[in-house]
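Here's the structure we're looking at; comments come further down.
In my numbering, the protein residues as written are 366 to 486.
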């Protein structure tokens, strides 16, 4: 659903700072927390540590206890985290005199994505 005229009017009345898109890139905890890697296929397999090996201090001549790590292999299907952030061209042309409507909507969508990411992590 596109931004409504009533909601666009709210954003055109107050003076707001520019640079919304830039703040998403620099300050988004979602982007900072995600390790971006290129994947070919529809899933990712990785090893999860179950138990770490141990270490101990030994005296000369002591028998050393063996300790090895254990792992579980996990396969996760790839999914998309996203959302639609539409702003009508008419509203952009007529209601963006003070605030860039598209930038404001994209910033709010980024906040929603961050909140969703934090709920699932």
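Note that the Cβ used here is the ideal one computed from N, Cα and C, for glycine as well. Since we're looking at a predicted model, the values are computed, not measured.
Check, Outcome
"From 440, 469, 471, residue whose alpha carbon lies closest to that of residue 406", "440"
"Rounded separation between residue 480 and residue 456 - CA only", "27 Å"
"Residue 463 burial status per 10 Å Cβ neighbour count (16 or more: buried)", "exposed"
"Under 7 Å between C-beta atoms of residue 416 and residue 435", "yes"
"Backbone CA spacing between residue 433 and residue 424 [nearest angstrom]", "21 Å"
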